[in-house]
Amino acid sequence: MAQYQIFRDALMGMKSLHHLCLNLECFPCLPPSSSPIDIILPTVRALELGCIKEEAPYTIYFLQSIHAASLRSLSLDCGAGDYNSLGHRFPSLTSLTLGKIPVYNRFTLAEMARRFPDIEHLTCYIRGVDEDEDGFGIDHVIGKVLWGSNDPLWPKVHTIAVNVSGRLMTGCQLTENIITLQKLGHPIRKLLLPRAILSQVQPSLKEVVDLNEFSNDFLEMTWWPER
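Numbering (my numbering), first residue to last: 9 to 235.
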């Protein structure tokens with residue numbers, strides 16, 4: 009607990025901190041009664057969290073310990089943990105980036121959608137995909153992200169960015185899925201995709217959404233303070 013206190017005081021002592029990036033080796037699971045020693049970060053607008061041990065729940069433990077009222081962009085590069093336990097600690101959050109979190113896991117996505125319902129910009133990093141694996145394509149990715157199992161997720165998302173390590177088919181249902189969502193009132197209107205996928209998309213898709221090449225610059229634009 010002494011080390012936690014030193015860590016907490018160091019973070020809270022940075023009064024002009026806007027962008028915090030942490031790669032956690034370990035972090036304590038604090039009891040619910042420990043709220044008086046929460047980490048208050050009122051100026052932080054962007055938070056990037058990773059974990060040296062991919063399956064360890066340290067990112068969840070850290071998120072449970074902080075309050076960041078101005079946080080607009082959250083990037084998670086580790087998927088273990090119970091997202092339902094986070095409560096509502098980030099009332100300004102509108103941008104979410106999912107790294108090693110399995111976007112094809114509808115249960116994980118549903119948890120995140122319930123906990124972060126106001127997301128407008130959603131970024132997914134897909135790793136190690138084989139285009140021959142069960143016909144998995146970009147339409148499946150976006151379908152899982154927006155629909156989950158049955159009910160639509162993230163009803164405020166208007167922009168989805170997808171980056172792929174490996175090969176991914178464009179899929180033939182993407183345009184139809186987007187049109188269906190838009191008819192239901194969903195605001196989805198922009199996709200950022202890898203160049204290899206952009207070169208293969210159906211021309212009809214360009215008529216229903218704005219298509220752009222994926223760029224890491226997009227992530228910074230979602231949290232940078234307005235001037």
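Using N, Cα and C, we set each Cβ at its ideal position, and we do this for glycine too. Bear in mind the structure is a predicted one, so any value in this text is a computation, not a measurement.
Three-way DSSP call (helix, strand, coil) for residue i in this model
{"i": "E139", "result": "Here the model assigns E139 a pLDDT of 48, short of 50, so the residue's position is not dependable and the matter cannot be decided."}
{"i": "H148", "result": "helix"}
{"i": "K164", "result": "coil"}
{"i": "K214", "result": "helix"}
{"i": "I47", "result": "strand"}
{"i": "S24", "result": "coil"}
{"i": "V153", "result": "helix"}
{"i": "L182", "result": "helix"}
{"i": "L4", "result": "Within the shown structure, residues of the chain are numbered from 9 to 235, placing residue 4 beyond reach of any answer."}
{"i": "I205", "result": "helix"}
{"i": "L102", "result": "Leu is not the amino acid found at residue 102; the sequence shown has Thr there. T102 falls in the coil class under three-state DSSP."}
Rounded distance between the beta-carbons of residue j and residue i, thought under 8 Å
{"i": "L49", "j": "I14", "result": "Between I14 and L49 the Cβ distance is about 16 Å, and since that is not below 8 Å, they are no contact."}
{"i": "V170", "j": "V149", "result": "6 Å"}
{"i": "R53", "j": "S78", "result": "6 Å"}
{"i": "L25", "j": "T51", "result": "6 Å"}
{"i": "E221", "j": "L189", "result": "Not a contact, Cβ separation roughly 22 Å."}
CB contact flag (residue i, residue j, <8 Å)
{"i": "I47", "j": "M20", "result": "yes"}
{"i": "S83", "j": "L117", "result": "no"}
{"i": "Y69", "j": "P36", "result": "yes"}
{"i": "A121", "j": "L94", "result": "no"}
Which runs of the alpha helix (DSSP H) spanning at least 4 residues fall entirely within the stretch 52-91, listed in chain order? Taken in chain order, the unbroken stretches of alpha helix (DSSP H) that lie wholly in the stretch 52-91 and span 4 residues or more are 66-73.
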